[in-house]
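First to last, the sequence lines map onto chains A and B.
If you read the first sequence in my numbering, its first letter stands for residue 1, the second for the next number, and so on.
If you read the second sequence in my numbering, its first letter stands for residue 197, the second for the next number, and so on.
C-beta atoms are modelled at their ideal positions from N, C-alpha and C, and glycine is treated no differently.
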Amino acid sequence: MSPIFGETLKMKILSLFCGTDTFQEQFETIRPNLYRVAFSWSHNAALADDLVQEALVKALKNTGQLRDPALFNGWVFSILANCWRDHFRQHREMDDIDELEDCLCSTQTSPEDDHSQSQIVSRVRAAVAKLPIGQRQVLTLVDLEGFPYIEVASILAIPIGTVMSRLSRARQELKILLNELAPQHSAHVSHLRRVI
Amino acid sequence: MKSNQIISDELLNSFVDDELELDEKSELINAIRHDDTLKERVCELRGLKEMVQHAYRQPPSCTVPTVKKSAHWKHSCIQNISRLAACVLLLVLGWSSGWVMSARSQSASDQKLMPVFQATQSNNVAEKPNNFIVNVSSSNPARLKTALDETENLLEANKRADQPFKVEIVANGGGVNLLRSDVSPFAKRIALMRAKYPNFDYLACKVSISKMQKNGVIVRLLPHTGITPSASEEINKRLIQGWDYVRI
Chain A
1 MSPIFGETLK MKILSLFCGT DTFQEQFETI RPNLYRVAFS WSHNAALADD LVQEALVKAL
61 KNTGQLRDPA LFNGWVFSIL ANCWRDHFRQ HREMDDIDEL EDCLCSTQTS PEDDHSQSQI
121 VSRVRAAVAK LPIGQRQVLT LVDLEGFPYI EVASILAIPI GTVMSRLSRA RQELKILLNE
181 LAPQHSAHVS HLRRVI
Chain B
197 MKSNQIISDE LLNSFVDDEL ELDEKSELIN AIRHDDTLKE RVCELRGLKE MVQHAYRQPP
257 SCTVPTVKKS AHWKHSCIQN ISRLAACVLL LVLGWSSGWV MSARSQSASD QKLMPVFQAT
317 QSNNVAEKPN NFIVNVSSSN PARLKTALDE TENLLEANKR ADQPFKVEIV ANGGGVNLLR
377 SDVSPFAKRI ALMRAKYPNF DYLACKVSIS KMQKNGVIVR LLPHTGITPS ASEEINKRLI
437 QGWDYVRI
């Protein structure tokens with residue numbers, strides 16, 4: 001029997017005996033969360049979609065590795081972190097700058113950009129995109145998904161002390177970046193006046 | 197309690213993220229109550245946390261495939277019967293559990309699926325017809341060629357074995373070039389494959405096409421190219437339907 005049929009048959013048998021449809025529901029439920037975090041890491045919708053897909057496929061194939069169902073979320077997020085790490089290694093020198101959405105690379109801004117940047121969402125995303133990747137990952141796992149520090153340490157395979165220091169630095173940096181990216185209001189506001 | 201200067205950012209972050217023990221928390225709350233600067237630091241951290249949450253509450257282009265609850269409900273009875281049958285099967289096929297568990301330990305990365313793909317064509321097509329979805333996301337011509345080679349081999353083996361199963365190529369990102377009439381180096385080959393194998397389909401990802409168009413690229417697709425709202429949605433749908441997934 002070929003491995004792929006074995007794999008499929010195995011998945012189906014497991015789904016029948018172990019109620020893997022619960023797994024399927026869990027995958028469906030967790031998908032938007034994975035996407036949100038993947039997007040906050042990459043700031044590229046298509047890439048985030050690909051990363052999530054890859055993570056889910058790997059998770060589906062390796063459901064047997066999950067001994068404790070209570071650890072499902074952390075387990076899937078650790079797969080996502082691995083996918084992101086692999087992607088980052090593979091494309092370190094090949095990333096297309098045009099693909100980096102929300103990253104303020106240009107100094108020339110159109111009125112539309114100015115308007116967009118004045119929006120808090122764009123500003124925060126732009127600031128998060130400028131954080132070093134390690135800090136960005138810790139920050140988003142804690143703030144967006146509410147993972148405890150210990151679980152973040154497990155997902156990213158780093159010591160908990162590193163989680164705390166990265167988080168602290170991330171928030172300090174974020175504060176500075178948000179101030180830098182805040183729209184500057186001119187002190188001299190020109191008013192219309194009636195000229196008769 | 198420590199003074200404001202001594203209280204580290206790490207400690208305040210732990211407080212904001214609810215990571216402190218009860219004693220530490222009480223002590224810190226007490227300190228915050230008597231220290232305006234400390235209060236300000238905590239407020240600032242909470243504000244940052246709120247802003248990050250707000251910024252990613254609705255990320256763009258999140259096409260999340262959802263399982264329709266009604267459909268799910270309709271299938272639940274069938275699934276229960278299947279489970280019962282499966283339990284009987286377990287008794288009869290007890291010996292197979294060892295094999296199943298050993299199969300579980302096999303790693304199946306995308307790369308490893310390639311030889312799997314070939315093994316399927318050569319040996320086991322007759323055992324059990326299974327549909328395949330092949331995902332191409334790179335514009336690298338070598339990868340595009342590999343995708344077509346593997347798909348064609350599979351279709352050919354399938355034809356010989358007279359076992360009807362479907363093979364679908366879904367292209368996203370740079371892989372959409374495979375299906376662009378003005379760019380694809382394999383337009384003729386795809387047309388020939390299409391004519392030869394009725395069970396072969398190819399789809400382009402709408403998200404990727406929109407992105408190209410946004411960048412000023414005029415996207416003209418090959419005849420008979422289907423469009424899926426999102427490649428990942430299509431793959432997810434097929435996986436749920438029990439198709440096998442191969443990423444090139």
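Within chain A, partners of Asp205 (chain B) - CB distance below 8 angstroms = Ser168, Arg171 and Gln172
When Cβ atoms are compared, which residues of the segment 355-374 of chain B fall closer than 8 angstroms to chain A?
-> Asn368 and Gly369
Using a Cβ cut-off of 8 angstroms (strictly closer), state whether Lys245 (chain B) contacts chain A.
-> yes
Kindly give me the distance between the Cβ atoms of Phe361 (chain B) and Asn327 (chain B), rounded to whole angstroms, as I take these residues to be in contact under 8 angstroms.
-> 5 angstroms
For Val142 (chain A), return the contacting residues in chain B, with the cut-off set at a CB-CB distance below 7 angstroms.
-> Asp213
Considering only the beta carbon of each residue, do Asp143 (chain A) and Val248 (chain B) sit closer than 8 angstroms?
-> yes
Using the Cα positions of Phe396 (chain B) and Asn432 (chain B), report the straight-line distance between them to the nearest angstrom.
-> 19 angstroms
Is it true that the segment 119-126 of chain A meets the segment 220-237 of chain B, where meeting means three or more beta-carbon pairs spaced less than 8 angstroms apart?
-> no
Could you name the residues of chain A that Asn209 (chain B) contacts, counting a contact when the two beta carbons are closer than 8 angstroms?
-> Met164, Leu167, Ser168 and Arg171
Residue environment, Ser333 (chain B), which counts as buried when at least 16 other CB atoms sit within 10 Å = buried
Could you check which residue in A:Asp49, A:Ala46, A:Glu54 and A:Ile30 has the C-alpha nearest to that of Leu71 (chain A)?
-> A:Ile30
Would you list, in chain order, the members of the segment 125-156 of chain A that have their beta-carbon closer than 8 angstroms to a beta-carbon of chain B?
-> Arg125, Val128, Leu139, Thr140, Val142, Asp143, Leu144, Pro148 and Tyr149
Would Phe147 (chain A) pass as a contact of Leu139 (chain A) if the rule is Cβ separation under 8 angstroms?
-> no
If Asp378 (chain B) and Arg339 (chain B) are in contact, beta carbons under 8 angstroms, what's the gap, nearest whole angstrom?
-> In fact, because the Cβ distance is near 19 angstroms, the residues do not count as touching under 8 angstroms.
CA-CA distance, Pro419 (chain B) and Val124 (chain A)?
-> 43 angstroms
Going by the CB atoms, is the gap between Val330 (chain B) and Ile228 (chain B) shorter than 8 angstroms?
-> no
Indicate whether the contact test is met: 3 or more Cβ pairs, each with one atom in the segment 163-176 of chain A and one in the segment 62-69 of chain A, closer than 8 angstroms.
-> no
Pull up the DSSP beta-bridge partners for Cys401 (chain B), would you.
-> B:Thr424
Taking the DSSP output, what are the residues bridged to Leu417 (chain B)?
-> B:Arg376
Cα-Cα separation, Ala129 (chain A) to Trp84 (chain A) | 15 angstroms
State the beta-bridge partners of Ala367 (chain B) as determined by DSSP.
-> B:Val332 and B:Ala400
Kindly identify the DSSP beta-bridge partner or partners of Arg36 (chain A).
-> In DSSP, Arg36 (chain A) forms no bridge with anything.
Can a CB atom of chain A be found closer than 8 angstroms to the CB of Glu223 (chain B)?
-> no
Under 9 angstroms (Cβ pairs) to chain B, residues found in the segment 43-60 of chain A | Ala45, Ala46, Leu47, Ala48, Asp49, Asp50, Val52, Gln53, Glu54, Leu56, Val57, Lys58 and Leu60
Specify, as a first and last residue, the run of the beta strand (DSSP E) that Asp50 (chain A) falls within.
-> Run containing Asp50 (chain A): none in the beta strand (DSSP E); it sits in the alpha helix (DSSP H), Ala45 to Lys61.
Quick one: measure Cβ to Cβ for Ser406 (chain B) and Gly370 (chain B), integer angstroms, because I've assumed they're closer than 8 angstroms.
-> No, Ser406 (chain B) and Gly370 (chain B) are not in contact; Cβ-Cβ is about 15 angstroms, not under 8 angstroms.
Going by C-alpha distance, which of B:Leu216, B:Pro255, B:Leu208 and B:Glu215 is nearest Glu175 (chain B)?
-> Here chain B comprises residues numbered 197 to 444, so residue 175 (chain B) is not present and cannot be evaluated.
Over the uninterrupted alpha helix (DSSP H) stretch that includes Arg171 (chain A), give me the two end residues.
-> Ile160 to Leu181
Starting from Val413 (chain B), find everything on chain A with Cβ-Cβ shorter than 8 angstroms and list it in chain order.
-> Residues of chain A passing the Cβ test: none, with the nearest at roughly 12 angstroms.
Chain-ordered neighbours of Lys407 (chain B) on chain A, where CB pairs are closer than 8 angstroms = Ala46
Closer than 7 angstroms by beta-carbon distance: list the chain A residues that pair up with Ser333 (chain B), in chain order.
-> Asp50
Looking only at its own chain, which residues have a Cβ that is under 6 angstroms from the Cβ of Ser404 (chain B), when we skip the five neighbours before and after it?
-> Asn368, Gly369 and Val372
Does the distance from the CB of Tyr398 (chain B) to the CB of Gly422 (chain B) come in under 8 angstroms?
-> yes
Could you give the DSSP three-state label for Arg67 (chain A): helix, strand or coil?
-> coil
Check whether the Cβ of Lys264 (chain B) lies closer than 8 angstroms to any Cβ atom in chain A.
-> Note that Lys264 (chain B) scores 42 on pLDDT, short of 50, meaning its location in the model is unreliable and no value can be drawn from it.
Terminal residues of the continuous alpha helix (DSSP H) containing Tyr441 (chain B)?
-> It is not in any alpha helix (DSSP H) - Tyr441 (chain B) instead sits in the beta strand (DSSP E) that spans Asp440 to Arg443.
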